[in-house]
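*Asks:* With the numbering used here applied, the sequence shown corresponds to residues 38 to 318, in that order.
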Amino acid sequence: MKRYMRSGKALAKVGLYGASGIVFIVSVFPFYYAFTTSMSTGVDLFIPHYWPESLNFTNYANLLSENGIGRSLVNSFIVAATTVLCCLLVSVTASFALARIHFKGKGMLLLTILCFSMFPQVSVLSGMFEFIRFLGLYDHLGALVLSYLTFSLPFTIWVLTTFMRTLPADLEEAAIMDGASIRITITHIYVPLLAPAMVTTGLLAFIAAWNEFLFALTFVISSDNRTVPVAISMLTGASKYELPWGNIMAFSVIATVPLILLVLIFQRRIVSGLTNGAVKG
C-alpha cells in the first residue's frame with residue numbers, strides 16, 4: 038500500500054513539474070523568439086533561428102539613432118505611472134468608504150463599479166473622444182491618463198474594497214479612541230496593511246496602461262506624444278512594401294524589459310498580495 042502511495046506521489050510530482058515546464062515555455066518562448074529575431078538582419082529575418090548565431094545589435098542601434106524610441110518610452114512611463122498614482126489615491130479612499138461606511142445603495146454602487154470594469158474600450162471610445170475634445174486635452178498625454186482611468190479605476194476599487202473588508206474593524210475603533218482622524222487612520226493604519234494589494238493592483242494597472250493601444254492611437258496624433266504600442270505600429274521600412282521586422286522585434290524587447298524589472302523588484306509583494314486575496318477574498 039505504501040509503495041503505491043509513493044508511486045502516486047512521484048507521478049503527481051512529475052506531472053506538476055511537467056505542467057510547470059509547459060506553462061514556462063509557452064509564456065517565455067514568444068519573448069525569447071522576439072529577442073533572437075531582433076539579432077538578425079536582411080534575409081536572416083525570414084529564416085527561423087531558435088538560437089542566436091551572433092550578437093548583432095544593429096537593429097537596436099538603428100532604433101536608438103533614428104526613430105526616437107526614448108521619447109515614446111518616457112511618454113509611456115509618464116502616462117502609466119500617473120495612471121497608477123491616480124488609481125491608488127482614489128481607490129484607497131473609495132475602498133475605505135465602501136468597506137467601512139454603511140450607506141444606502143452601497144451594494145448597487147459596487148455592482149455598478151464591477152460592470153464598468155467589464156465594458157469594452159470601443160463602447161466608450163466615441164464618448165471619451167468628445168469629452169476629451171471638450172476638455173481641450175486632444176493630442177495631450179493627459180487625455181491618455183484620463184481615458185485609462187476608465188478601465189483601471191473600477192478594477193482597483195473593487196480589489197482594494199475586497200481587501201479592506203478582510204481587515205479587522207477593531208483597528209479603526211482603536212484609532213478613533215486615540216483621537217486619530219480619518220486621514221490618519223487611512224494613511225497610518227490601513228495603507229501599510231494594504232501595501233501588498235496596492236502593489237499587485239498598481240502593477241496590473243501599470244501593465245494595462247503600458248500596453249494600451251486603441252485610446253493611444255485615437256487621442257494622440259503627434260509623434261512627440263506617442264506611446265510605445267503606437268510607436269511600434271508606426272515603424273516603417275525603406276519602402277511601403279518593407280516591414281522592418283528586426284526593428285519591431287528590437288523595440289518589443291526594449292518595451293518589455295521595464296515590465297520584467299518591475300515584476301522582479303516587487304515579486305515578494307505581488308505574491309503576498311495574490312495569496313492574501315486567494316485566502317481571504
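Even for Gly, the Cβ is constructed at its ideal location relative to N, Cα and C.
Suppose you measure from the CA of L92 to the CA of S75; what does that come to, to the nearest Å?
*Replies:* To locate residue 92, count along the sequence shown from 1; it is residue 55. To locate residue 75, count along the sequence shown from 1; it is residue 38. One C-alpha to the other measures close to 10 Å.
*Asks:* Taking the straight line between their C-alpha atoms, what separation do you get for S184 and A136?
*Replies:* Position 147 of the sequence shown, counted from the start, is the residue given in the question as residue 184. Position 99 of the sequence shown, counted from the start, is the residue given in the question as residue 136. Roughly 26 Å between the two C-alpha positions.
*Asks:* So V196 is in the alpha helix (DSSP H); what residue range does that whole segment cover?
*Replies:* Taking the sequence shown and counting its residues from 1, the one referred to as residue 196 is at position 159. V196 -> alpha helix (DSSP H) spans 178-203.
*Asks:* Going by the C-beta, is M201 closer than 7 Å to any heavy atom of the ligand SAH?
*Replies:* Ligands are entirely absent from the displayed structure, and the ligand SAH is therefore not among its contents.
*Asks:* Once you ignore the five residues that flank T222 on each side, which residues in its own chain have a CB closer than 7 Å to its CB?
*Replies:* Within the sequence shown, residue 222 is the residue found at index 185, counting from 1. E209, A212.
*Asks:* Can you say whether V116 is buried or exposed, counting buried as having 16 or more other CB atoms within 10 angstroms of its CB?
*Replies:* Here the question's residue 116 lines up with position 79 in the sequence shown. Burial of V116 is indicated by the presence of at least 16 other C-beta atoms within 10 angstroms of its C-beta.
*Asks:* Under a three-way DSSP split, which group does K317 fall into?
*Replies:* Residue mapping note: residue 317 aligns to position 280 of the sequence shown, counting from 1. Unreliable placement is indicated for K317, whose pLDDT of 47 sits below 50; the coordinate value is still reported in the next sentence. If DSSP states are grouped into helix, strand and coil, K317 belongs with the helices.
*Asks:* Grab me the residues of P281's own chain with a C-beta within less than 6 Å of its C-beta, minus the 5 sequence neighbours each way, in chain order.
*Replies:* As a working note, residue 281 is residue 244 in the sequence shown. L272, G274, listed in sequence order.
*Asks:* Identify whether Y227 lies in helix, strand or coil by the three-state DSSP scheme.
*Replies:* Locating residue 227 in the sequence shown gives position 190, counting from the first residue. Collapsing the DSSP output to three states places Y227 in a helix.
*Asks:* Suppose you measure from the CA of A47 to the CA of V65; what does that come to, to the nearest Å?
*Replies:* By 1-based counting over the sequence shown, the position of residue 47 is 10. By 1-based counting over the sequence shown, the position of residue 65 is 28. Distance between the alpha carbons of A47 and V65: 27 Å.
*Asks:* Taking 8 Å as the cut-off, decide whether the C-beta atoms of L319 and V300 are in contact.
*Replies:* Because the chain in this structure spans residues 38 to 318, residue 319 falls outside the shown range and cannot be described.
*Asks:* Going by C-alpha distance, which of S163, R108, S276, P233 is nearest M201?
*Replies:* For this step, residue 201 is matched to residue 164 along the sequence shown. Comparing Cα-Cα distances from M201 to each of S163, R108, S276, P233, the minimum goes to P233.
*Asks:* Using a 10 Å radius around the Cβ and a threshold of 16 neighbouring Cβ atoms, would you call V267 buried or exposed?
*Replies:* Within the sequence shown, residue 267 is the residue found at index 230, counting from 1. Its Cβ being crowded by 16 or more others within 10 Å, V267 is buried.
*Asks:* Given a threshold of 16 other Cβ atoms within 10 Å of its Cβ, counted over all protein chains shown, does G318 qualify as buried or as exposed?
*Replies:* If you number the sequence shown from 1, residue 318 lands on position 281. Legend: pLDDT at G318 = 42, less than 50; position of this residue unreliable, value from coordinates given subsequently. Exposed, because fewer than 16 other Cβ atoms sit within 10 Å of the Cβ of G318.
*Asks:* Can you give the beta carbon distance from N112 to N284, rounded, assuming they're within the 8 Å contact cut?
*Replies:* In the sequence shown, counting from the first residue as 1, residue 112 sits at position 75. In the sequence shown, counting from the first residue as 1, residue 284 sits at position 247. Not confirmed; about 18 Å, so no contact.
*Asks:* Roughly how many whole angstroms lie between the Cα atoms of E90 and E249?
*Replies:* Translated into the one-based positions of the sequence shown, residue 90 becomes position 53. Translated into the one-based positions of the sequence shown, residue 249 becomes position 212. E249 has its alpha-carbon roughly 33 Å from the corresponding atom of E90.
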